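Okay, so here's the structure we're looking at.
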Amino acid sequence: MEFGNFNNGYTTISGKDAGSARYAPAVKSHRKESLNNHLLALQSEKGFARLLPHLEDVSFSNGEYLYQFDERNDYVYFPETAIISHIHNLADGKTVEIAMIGREGASGLCSVFSSQPPAHCAQVTVGGEAVRIKTEILKQEFARGEKLQSLLLDYINSHIVQISQRIVCESFHLIEERLCSWLLMLCQRAHKNQWQITHEQISLLLGVNRPTVTQAAKTLREKGFIDYTRGKIYILDCQGLESGACECYSVLQKVH
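For the sequence shown, the numbering used here assigns the number 812 to the initial residue and increments by one for each residue that follows.
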């Protein structure tokens, strides 16, 4: 049994940029304290005041791409309610999520630190709001060496830890354990316990086939940890999921 058909235009991982993100030219009315994104909310008052005229609100639907592999990216995105996946595409068509980004971080920072195009694509897993800024503006603020610089460097370190731990997880842990950890990571970032997503979409992110995800989800439902129907998955027992998760979740929770 699957979570059901997802009817919100979710494009496949190997698809082209949906290109339908909606954004407003500026967010000058924003107060720093009203933002959910940790990197923006923790800015110094002076630093945030310099960034504010350049910030743009953007709204994403599930499955939209922020940027594709090997594609120039002119913006850095700070999720507010959206969840973004960094995904590697292999030559044989297989995919795997290497990192998940929510309000704790940002997507597109590789363009701040390097002129090379990204080695991954960025796709929206949970639709919602974000704030974006042009890369060149963020580079200038980073070069000042003030609080933004230390915040971004600390976040990049946490991001590297996540990527490293996900590699270990994908190499050694059982799919049921991995699914528990992944659902908990999603719940932690989205601050809710239900989403619209299918077995097919989860399989593309976890790098396994759909029947494998279906069997793991069935096992978790039988244990009373989750439920699913008509394209939605529900978290019923977070403690149960934690008991079934691999050690990776506790490691990543410390750096979240």
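No residue lacks a Cβ here, since even glycine has one placed at the ideal position from N, Cα and C.
Quantities reported herein were computed from a predicted structural model and do not represent experimental measurements.
{"Query": "May I have a chain-ordered list of the alpha helix (DSSP H) segments no shorter than 4 residues that lie completely inside the segment 941–1000?", "Result": "946–954, 958–983"}
{"Query": "Taking the alpha carbon of leucine 1017 as the reference point, which residue from Val907, Glu856, Pro864, Pro890 has its own alpha carbon closest?", "Result": "Val907"}
{"Query": "Is it true that the segment 863–876 meets the segment 936–949, where meeting means three or more beta-carbon pairs spaced less than 8 Å apart?", "Result": "yes"}
{"Query": "Do isoleucine 967 and leucine 994 count as a contact pair if the criterion is CB distance below 9 Å?", "Result": "no"}
{"Query": "DSSP state of alanine 860, grouped into three classes?", "Result": "helix"}
{"Query": "State the start and end residues of the unbroken alpha helix (DSSP H) segment that holds serine 855.", "Result": "Serine 855 -> no alpha helix (DSSP H), and no H or E assigned at all."}
{"Query": "Is the number of C-beta pairs between the segment 991–1010 and the segment 910–922 that are closer than 8 Å three or more?", "Result": "yes"}
{"Query": "Is it buried or exposed, alanine 1028, if we count other Cβ atoms within 10 angstroms and call 16 or more buried?", "Result": "buried"}
{"Query": "How long is the line joining the alpha carbons of lysine 1065 and glutamate 1058, rounded to whole angstroms?", "Result": "12 Å"}
{"Query": "DSSP three-state label for phenylalanine 1036, please.", "Result": "coil"}
{"Query": "Who are the near neighbours of lysine 950 in its chain, counting only those whose CB is closer than 8 Å to its CB and skipping five residues on each side?", "Result": "Val923"}
{"Query": "Per DSSP, which residues does proline 890 bridge with? Please list them.", "Result": "Ala941"}
{"Query": "Who pairs with phenylalanine 871 in a beta bridge, going by DSSP?", "Result": "Gly939"}
{"Query": "Inspect the beta-carbon positions of leucine 963 and leucine 920 and report whether they are closer than 9 Å.", "Result": "yes"}
{"Query": "What do you reckon, are the CB atoms on proline 928 and glutamate 875 nearer than 9 Å?", "Result": "no"}
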